[in-house]
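Participant: Under this note's numbering, the residues of the sequence shown are numbered -10 to 49, in order.
Can you keep this structure in mind? I'll have questions shortly.
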Amino acid sequence: MSKFVISPHFRLQEWVAEEKAYFEVEGLDYEFRDNYGPGDVAKKHATPNKSGAYQSIEQG
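What follows is the structure, encoded as structure tokens:
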């Protein structure tokens, strides 16, 4: 099987699984990979539109 690629996107569960060695226990050959390319992480994950579900609900 090829390497299992994990793109964490700042989700906690992947980091917890890594820390507790769950991937290793299951025998997975894995790596964490940022799919956004090189550069500042904060800039890569910044979104120009700060409106989400709660703002949509507030607007009706």
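We treat Cβ as the ideally placed atom computed from N, Cα and C, and that holds for glycine.
Considering residue 8, what are the terminal residues of the alpha helix (DSSP H) in which it resides?
Facilitator: 1 to 8 is the extent of the alpha helix (DSSP H) around residue 8.
Participant: Is residue 20 helix, strand or coil when you go by DSSP?
Facilitator: Strand at residue 20.
Participant: If you measure between the beta carbons of residue -8 and residue 13, is that distance less than 8 Å?
Facilitator: The answer is no: Cβ separation not under 8 Å.
Participant: Can you name, in chain order, every residue of its own chain whose Cβ lies under 8 Å from the Cβ of residue -10, other than the five neighbours on each side?
Facilitator: Cβ within range, chain order: 18.
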